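Enquirer:
Residue numbers (our numbering), protein chains in the order written: chain A, 27 to 696; chain B, 27 to 696.
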């Protein structure tokens, strides 16, 4: 016989295998994301050689906790197992899977098979007693006593076989014994996996973007933070819970852009808020024309009273007048002619902006300073940051900065404003951004919308990328909005607010249906607030404010809309009609939304609902209650007719009520 | 300003990211598989922040080589990059991806953009000269000189801008300079990935299974290895290149099964070859009734002369009479009554088989002994092993044993006979088995066949699981073969041999269309060779031997059939017609096979070929030449009519010839 080889695996008796866990992002390199109070469902392939039963446990703990907690995993079929746990604390949780060959369960299964076949059982009962004895030896005093008593009955030849087999089936004792399976024969999946737990607003939020300098009550006046505060009730009434302000820092004077991005400006032109820094200060200062830090604190406090959080813009770039340029020239790229390199994407030039040179020797000091900017505003009470163009700064910076912030303030939310290639956007989400802007503004047809939103809902992407859907931004006035009129604005609002648990609008341009572009074929607003003051007639009778109020109210009343997990598309026989549903996991709340994507014509057709996905019985009536118009429809089966006239209402948002048995029962739901 | 934090990443200036490489199995835990002379195409997502160009290299080396070789990677679009290398040596190769921000390429791209926009270029030319100087400082003497000369021209203000921009576009100098990019700013993907390179027969093989004891020339005689040798020309004529023999070891006497698996036997019954071991020896011995080791050597040598390799059966189990039972009782499970546990899957019992107890304390010695069995037969010249029921032995055993064998003999091929749950079968393939039995025998409808084969062709599965398709085995006489008559045998042969680069039949039962089952509804052969001697009238006029010869000849002549990489299914408007193509990567060899899956009736219908996939121009004629009947069809476009009468021929195997311009040109192909 050969001697054992030196290259043997550490314990060749570990028979169980754990494969393909989920969620698992880039082999465990990045955490999945959940919000407080959600359940994390974990799956894995678990199996062993041969025919024995296996058992599997989900282990989990908050990063700061020393001990693992356990949840059982159950087989889903085809060797896939699932378990879950509630994440009830902010921060990073760790989890993994433990599995082993379950000798006790295998033994009992075989015992019953033998009994069924009328085979002798004495030897098998003795074997069971041995297995239980082995568990007792690993158990504490009390459990060991109960297990030894059980083993004695199993082994007792003076009892009838029937009585002993009945004892073998004692469920509670079996469970007790299984808790003491040999720990040396358990396998634990490696590496540890992680889930980053954020607060609910990371998952469900309604954003409103507004330029404070255009918030003045009277036309021609320069708006201040105080004027902005005066608009808070207007924003709160519409139902928004995040108010995002473009940068409020001092604006550079050198190379300042004029109206409509003109290369020159005069003294009255306010300049772009993203050209940050002047002699009045930089990223930790407030533009004196907007107000003081005290004004900002007051605005923050008043917003909080109204249920609104302020989101601050983080744009890591400088105007030529930023104090950093003088104090830290080493953070900027010097050109061969001695000048500092301004931003450009040749042939386009942005001479009012100096980017940081992240390749500089002093990158460590630069990173530290940038982190201190975020930390400064956290110190002032800000808890949400909208990050401008994160894709033009190093990935490693964001991963480090976000982790550093979260270690002290896990409630801080980051939104990535990266409109770039998909893999770059997804990478930023992996690095820690809570939410991400998307291509939504440019997805208009049914195939585009259903395809894109379905992609975003596909794991592993859906485990780390949280879309925030914006029909417009100060940079994006889509062709659809330019030419679709009021129905286009309504349709895009309904889409954003019901497809996305998080969405936002740039107002008052949105509710006032601002739709004139600066250039034909372009997406820039004419007379954009980015370069000049505007005065908005918010009280205009055709404003969409009331409609927005209704939509946000529906979002608040319906948990189905507060998560993207339950999104599902349904077929229609008319390409202009997009139909989708959202439902909570318990199916208590289910909404079906149908949008006419054609802003110019009535469109009608047959809906083909996936009844099984909606938890509906094809044999029973159900009620579809339009939360926008108040209309109620009594439907049965998957095929139902819809007609949507954009001049009246381009969408149905239907609440589905189950268990309508007869037309008489229907009355109870009115 | 804040001081740099202690938690900064090692080098925050590494801007490039490498994600999602392929092939990559279980995050790099297992190697992909290729065969000698194939190209390994490696892909990955490679990108950086911002707008700069990135560059990417594929690094690879044979495990035994010290230095990396490099191959360029090119962008495929959407940030996906691809490179490849030929694997020209058996064993394990390692590979990874290196990437960096390509400053030189970015600079030149921007320079040309500026030039196009008529912007000043002087400063940019100076910057280019600086970048080239930096490369020169990292280069060897000769290259440094050329680069410095180039930098001088770029920086030379006395030259015209046009001349300097022309110099900037010198492709050879740019490539030279790019080779000296700062190594400190390169990222290398981790962990290292691996590909296991086997010989061609691991990918392309034609197996014939035969019981030597039924090889006697005369009825009633017990066949020997010498009789088996006499059948080699018959096997070679049919075109098989692997002859697989069920175990040839001594067979136990205790509990020996009689004909048709009867629990009792008499002296003349030979017993199951899988009940290994008697007083005559165990796994390293040859059944004296079959012959001697010298006979085996002679058989092996003669087979080699005919281009046939012997595949030996490895069944790690013992009869009660095996010497191991006496010499190593510690390797078997002792029951509570002192008896040794025989194999069972309650309520089924196999008292003639003792399984090893892989959970025993002496598992290390057991593994060493089992490895020595394989090594013993390798010592005798065997290079292919068909492993019986690997899924009832520990996974870790196979990974260790196969790696150990391959370290010394990388040409050894292992076929896994695991008919069990899919994830278990796939795990065995990951662990190192070269080929695997499949569910093919039970996939009969078009949807079943196309669905299953497509699953097997989907990465990552296709990177490590090589199917070996068997229409029958001594354990599997499918219902389709029991009741489909001669057309069923022909159809299943064509399917196995043209869907699978590796396939096998159990003969002569197959070519003689043996189709009677032992039990109604069962899949065991009546009077199975597993339990009794058989005599086969190989010369019977209705034998399929000639048809099999033709099929194997087509396989030899067509590289398209020697790999599974090019398999693609095509639509037909008749569910009974399965159509698929196989083509080489260079599209030089393309075959379209159409099989009538209904063995009882003629079926006809319209084929809808995917012309783009076949590399065919829809505007031009092409010839479809049936390699079975010799018929030639002149086709154009995707829709073509086919009719297959199973009584005549249930399949077309069409060679596609391109570039047929006119009916007259067609003649040239005759």
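Beta carbons are placed, not taken as given, at the ideal position from N, Cα and C, and that holds for glycine.
As the structure is a prediction and not an experimental result, all values here were calculated from the model.
In the DSSP assignment, find the alpha helix (DSSP H) that holds residue 575 of chain A and state where it starts and stops.
Expert: Counting along the chain, the alpha helix (DSSP H) containing residue 575 of chain A begins and ends at 571-583.
Enquirer: Output the distance between the C-alpha atoms of residue 287 of chain A and residue 549 of chain A, rounded to the nearest integer angstrom.
Expert: About 13 Å.
Enquirer: List the DSSP bridge partners of residue 668 of chain A.
Expert: For residue 668 of chain A, which the question treats as bridged, DSSP gives the partners A:631.
Enquirer: Quick one: what does DSSP say residue 352 of chain B is sitting in, helix, strand or coil?
Expert: Residue 352 of chain B: helix per DSSP, three-state reduction.
Enquirer: Which residues, in order along the region 408-427 of chain A, keep a beta-carbon less than 7 Å from a beta-carbon of chain B?
Expert: Answer in chain order: 417, 418, 419, 420, 421, 422, 423, 426.
Enquirer: Just to confirm my understanding: we take residue 330 of chain A, look at its own chain, exclude 5 residues before and 5 after, and list those with CB closer than 7 Å. What are they?
Expert: For residue 330 of chain A, where only same-chain residues beyond five positions count, there are no Cβ hits under 7 Å.
Enquirer: Between residue 35 of chain B and chain A, is any beta-carbon pair separated by less than 9 Å?
Expert: Yes, because at least one Cβ of chain A sits closer than 9 Å to the Cβ of residue 35 of chain B.
Enquirer: Can you check which of these residues, B:214, B:62, B:173, is closest to residue 196 of chain B by C-alpha distance?
Expert: Here the closest residue by C-alpha is B:173.
Enquirer: Relative to the alpha-carbon of residue 416 of chain A, which residue among A:428, A:359, A:405, A:406 has its alpha-carbon at the smallest distance?
Expert: Of the candidates A:428, A:359, A:405, A:406, the one whose C-alpha sits nearest the C-alpha of residue 416 of chain A is A:428.
Enquirer: Kindly list, in the order they appear in chain B, the residues whose Cβ is closer than 7 Å to that of residue 128 of chain A.
Expert: Within 7 Å Cβ-Cβ: nothing; residue 128 of chain A doesn't reach chain B, min ~13 Å.
Enquirer: Using the three-state DSSP reduction, which class does residue 71 of chain B fall into: helix, strand or coil?
Expert: It is a strand residue.
Enquirer: Quick one: is residue 526 of chain A buried, meaning 16 or more other Cβ sit within 10 Å of its Cβ, or exposed?
Expert: So residue 526 of chain A counts as buried.
Enquirer: DSSP state of residue 195 of chain A, grouped into three classes?
Expert: Of the three classes helix, strand and coil, the one that applies to residue 195 of chain A here is coil, per DSSP.
Enquirer: The region 352-373 of chain A: which residues have C-beta closer than 7 Å to a C-beta of chain B, in chain order?
Expert: Result list: 361, 362, 363, 371, 372, 373.
Enquirer: Could you check whether residue 620 of chain A and residue 597 of chain A sit closer than 9 Å to each other, using their CB atoms as the reference points?
Expert: Contact flag unset, no.
Enquirer: Along chain A, in chain order, which residues have C-beta atoms closer than 8 Å to that of residue 142 of chain B?
Expert: Within chain A, the residues near residue 142 of chain B are 373.
Enquirer: Assuming residue 451 of chain A is part of the alpha helix (DSSP H), what are its boundary residues?
Expert: Taken as a continuous stretch (DSSP letters only), the alpha helix (DSSP H) holding residue 451 of chain A covers 448-457.
Enquirer: Which word fits residue 222 of chain B, buried or exposed, when buried means at least 16 other C-beta atoms lie within 10 angstroms of its C-beta?
Expert: The residue in question, residue 222 of chain B, is buried, as its Cβ has 16 or more Cβ neighbours within 10 Å.
Enquirer: I need the DSSP call for residue 338 of chain A, collapsed to helix, strand or coil.
Expert: Residue state, collapsed to three classes: strand.
Enquirer: Just the C-alpha distance for residue 570 of chain B and residue 467 of chain B, rounded to the nearest angstrom, thanks.
Expert: Rounded to whole angstroms, residue 570 of chain B to residue 467 of chain B spans 18 Å at the Cα level.
Enquirer: Could you run through the region 40-64 of chain A and flag, in chain order, every residue whose CB is less than 8 Å away from some CB of chain B?
Expert: Cβ contacts with chain B: 40, 41, 43, 45, 46, 52, 53, 54.
Enquirer: Which ranges would you report for the alpha helix (DSSP H) in the region 158-237 of chain B if only whole runs of at least 4 residues count?
Expert: Counting only runs of 4 or more, we get 167-181, 187-194, 197-204.
Enquirer: Would residue 631 of chain A and residue 668 of chain A be called neighbours here (beta carbons separated by less than 9 Å)?
Expert: Yes, they are a contact pair.
Enquirer: At least one CB of chain B closer than 9 Å to the CB of residue 501 of chain A: is that the case?
Expert: Judged by the 9 Å Cβ criterion, residue 501 of chain A is not in contact with chain B.
Enquirer: Bridge partners of residue 651 of chain B, per DSSP?
Expert: Paired residue(s): B:658, B:681.
Enquirer: Could you pull out every residue in the same chain whose Cβ sits closer than 7 Å to the Cβ of residue 140 of chain A, ignoring the five residues on either side in sequence?
Expert: So the qualifying residues of the chain are 147, 150.
Enquirer: Check the Cβ of residue 310 of chain A against every Cβ in chain B and list those closer than 8 Å, keeping chain order.
Expert: None at all; the shortest Cβ gap to chain B is about 11 Å.
Enquirer: Are the C-beta of residue 448 of chain B and some C-beta of chain A separated by less than 9 Å?
Expert: So yes, residue 448 of chain B belongs to the interface.
Enquirer: Output the distance between the C-alpha atoms of residue 204 of chain B and residue 169 of chain B, rounded to the nearest integer angstrom.
Expert: Using only the alpha carbons, I get a separation of about 12 Å.
Enquirer: Classify residue 584 of chain B: buried if its beta carbon has 16 or more other beta carbons within 10 angstroms, exposed otherwise.
Expert: So residue 584 of chain B ends up on the buried side.
Enquirer: List, in order along the chain, the chain B residues whose C-beta lies closer than 9 Å to that of residue 149 of chain A?
Expert: Residues of chain B passing the Cβ test: 361, 362, 363, 365.
Enquirer: Within 10 Å of its beta-carbon, does residue 22 of chain A have 16 or more other beta-carbons around it, so buried, or fewer, so exposed?
Expert: Summary: the structure shown does not reach residue 22 of chain A, with chain A confined to residues 27 through 696, and so no result is reported for it.
Enquirer: Quick check: what's the CA-CA separation for residue 641 of chain B versus residue 97 of chain B?
Expert: Their backbone Cα atoms lie some 28 Å apart in a straight line.
Enquirer: Going straight from the alpha carbon of residue 578 of chain A to that of residue 562 of chain A, what length do you get?
Expert: So the alpha carbons of these two residues sit roughly 22 Å apart.
Enquirer: Taking 9 Å as the CB-CB cut-off, is residue 286 of chain A touching chain B?
Expert: For residue 286 of chain A, the answer is no, since every Cβ of chain B falls outside 9 Å of its Cβ.
Enquirer: At 9 Å on the CB atoms, spell out the chain B contacts of residue 145 of chain A, in chain order.
Expert: Residues of chain B passing the Cβ test: 372, 373, 375.
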